[in-house]
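Visitor: Numbers given in this note's numbering equal positions in the sequence shown, counted from 1, plus 404.
Ideal Cβ positions, reconstructed from N, Cα and C, are used throughout, including at glycine.
Since we're looking at a predicted model, the values are computed, not measured.
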Amino acid sequence: MIERLEQLAEEANQETAKAENVKELDKVRVKYLGKKGPITEVLRGMGKLTSEERPKVGQKANEVREEIQKQIDEKTSALERKELESRLEAEGIDVTLPGKPLKRGARHPLTAVVEEIEDIFIGLGFGVTEGPEIETDYYNFEKLNLPKEHPARDMQDSFYITEELLLRTQTSPVQARTMEERNGRGPVKIVCPGKVYRRDDDDATHSHQFMQIEGLYVDENIRMSDLKGVLEAFVKKYFGEERSIRLRPSFFPFTEPSVEVDVTCGICKGGGCRICKHSGWIEVLGAGMVHPRVLEMSGFDPEVYSGFAFGMGVERFAMLKYGIDDIRHFYTNDVRFLNQFKRV
Ligand code: PHE
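Structure follows, in structure tokens:
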């Protein structure tokens with residue numbers, strides 16, 4: 405019987421060694437150690453043994469059982485370890501593989517141009533201020549010397565929301581708001597970028613929504629020559645040192661005198677070409693000395709303070725600088741167009 409037990413141990417260990425997975429091992433366990441297995445059978449037959457043999461066989465049977473169980477346990481943990489290792493290997497990250505390239509977006513050209521213009525004015529000592537796009541009639545028009553029924557309101561066809569509320573037609577209301585906040589004390593030296601809205605039919609040069617940057621400098625002794633100097637410095641920084649400006653008389657209700665500002669044509673350098681309609685000049689912005697009534701309405705004493713203001717279209721500045729021929733490109737968001745501004 406002892407021999408039979410040893411033989412069983414041998415067989416069981418061999419089968420354990422051969423098992424390739426946990427399931428097979430379990431079969432081995434059931435086969436040898438289960439209730440119907442050969443060892444249980446041996447133990448059952450112990451009644452026939454002599455009292456001398458009985459404890460020996462019993463002891464052996466227990467040893468064999470423990471041994472088989474030990475082998476199975478060891479094999480189980482070995483198999484589990486191997487499985488974990490191969491799983492780790494399969495799921496492992498190869499850090500030497502090249503990464504998937506991330507598609508980088510580009511800054512929108514209008515954002516880039518606004519930031520560039522802001523930076524130039526910051527360099528000239530201006531701060532940056534913003535205001536609401538839904539504006540009151542009061543700030544958009546009345547406070548800028550444009551009472552109701554004033555014919556100049558027709559210059560800017562508006563989107564009204566209610567009688568008193570509209571989508572702002574210009575960034576100029578930010579001037580009025582800022583002056584009002586300052587309680588009649590200068591200096592006020594700001595640029596105000598933002599979206600504006602006008603009831604225009606969209607075409608290559610018109611858009612019902614576009615962007616402006618407004619500028620305002622109010623202090624004691626601000627003169628027209630200051631306006632010219634600031635704008636000339638700005639234009640040279642933005643378009644290039646070789647460019648210059650000229651001022652032509654114009655009309656805006658909130659400035660007096662008012663001017664249109666032209667810059668020398670970048671294509672013909674002032675010689676005259678198709679782009680500048682053979683004048684050598686391109687109109688880029690409106691400006692003027694702040695109307696005394698506007699100063700007064702915003703709490704500034706026009707006897708003490710004077711100032712200049714200007715307003716420019718961001719799209720126009722972007723189109724001139726980058727040779728863009730249709731304003732709609734900025735708003736249709738074709739990535740082939742936008743990607744060209746990756747390095748701007
Ligand atoms: N707000 C004017 C416009 O949109 C531009 C402007 C601003 C002109 C400030 C003069 C001074 O047409």
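Comparing C-alpha positions only, which one of T515, A482, P513 and I626 sits nearest to V708?
Guide: I626
Visitor: My output table needs one value for F712: the three-state DSSP class, helix, strand or coil.
Guide: strand
Visitor: Across which residues does DSSP place L620 in a beta bridge pair?
Guide: I594 and A713
Visitor: If you check the beta carbons only, do T582 and I594 fall under 8 Å apart?
Guide: Going by C-beta atoms, T582 is nearer than 8 Å to I594.
Visitor: Going by DSSP in three states, L550 sits in which element: helix, strand or coil?
Guide: coil
Visitor: Per DSSP, what kind of secondary structure is T659 in: helix, strand or coil?
Guide: strand
Visitor: Leaving out five residues on either side along the sequence, give the residues of the same chain with a beta carbon under 7 Å from the beta carbon of F545.
Guide: R557
Visitor: Which partner residues does E539 have in the DSSP bridge list?
Guide: L570
Visitor: With DSSP run on the structure shown, which of helix, strand or coil describes G684?
Guide: coil
Visitor: Closest to D605 by CA distance: which of E520, P536 and R732 is it?
Guide: R732
Visitor: Let me check one thing: in DSSP terms, what residues is F400 bridge-paired to?
Guide: No statement about residue 400 is possible, as the shown extent of the chain runs from 405 to 748 and does not include it.
Visitor: Can you tell which of A423, L514 and L570 has its C-alpha closest to the C-alpha of E478?
Guide: If we check each option's Cα against that of E478, A423 comes out closest.
Visitor: Using the beta-carbon count (16 or more within 10 Å), is P657 buried or exposed?
Guide: A buried status is given to P657, since no fewer than 16 other beta-carbon atoms sit within 10 Å of its beta-carbon.
Visitor: Between G670 and R647, what straight-line distance do the alpha-carbon atoms span, to the nearest angstrom?
Guide: 8 Å
Visitor: How big is the Cα-Cα spacing for K486 and E415?
Guide: 24 Å
Visitor: Assign I497 to one of two classes, buried (16 or more other C-beta atoms within 10 Å of its C-beta) or exposed (fewer than that).
Guide: exposed
Visitor: Determine whether the beta carbon atoms of L699 and V622 lie at a separation below 8 Å.
Guide: In this structure, L699 sits near V622, with a CB-CB distance shorter than 8 Å.
Visitor: Rounding to the nearest angstrom, what Cα-Cα distance links E470 and G449 in this structure?
Guide: 20 Å
Visitor: With a threshold of 7 Å (Cβ to nearest heavy atom), would E700 be considered close to ligand 1?
Guide: no
Visitor: Would you list the one or two residues that DSSP bridges to I649?
Guide: V667
Visitor: DSSP three-state call for V698: helix, strand or coil?
Guide: helix
Visitor: Would E618 pass as a contact of S702 if the rule is Cβ separation under 8 Å?
Guide: no
Visitor: Can you tell me the Cβ-Cβ gap for E719 and M559, rounded? I've got them flagged as a contact below 8 Å.
Guide: Wrong, their Cβ atoms sit about 18 Å apart, outside the cutoff.
Visitor: Can S576 be considered in contact with ligand 1, in the sense that its beta carbon sits closer than 7 Å to one or more heavy atoms?
Guide: yes
Visitor: Would you kindly check if the distance between the Cβ of Q473 and the Cβ of N417 is under 8 Å?
Guide: no
Visitor: When we look at the beta-carbon of R433 and count the other beta-carbons within 10 Å, is it buried (16 or more) or exposed?
Guide: buried
Visitor: Write down the C-beta distance between E687 and E664 rounded to the nearest angstrom, noting that I regard them as a contact closer than 8 Å.
Guide: 5 Å
Visitor: Could you check the C-alpha separation between L620 and F638 for me, to the nearest Å?
Guide: Our two residues, L620 and F638, have alpha carbons roughly 14 Å apart in a direct line.
Visitor: From the DSSP output, in three-state form, read off K464 for me.
Guide: Three-state DSSP puts K464 in a helix.
Visitor: Taking S629 as the reference, give the member of I649, E645, E467 and H610 with the closest Cα.
Guide: I649
Visitor: Find out if the Cβ-Cβ distance for the pair I526, K641 is shorter than 8 Å.
Guide: Not in contact: I526 and K641 (Cβ atoms no closer than 8 Å).
Visitor: Does ligand 1 have a heavy atom nearer than 7 Å to the CB of T533?
Guide: no
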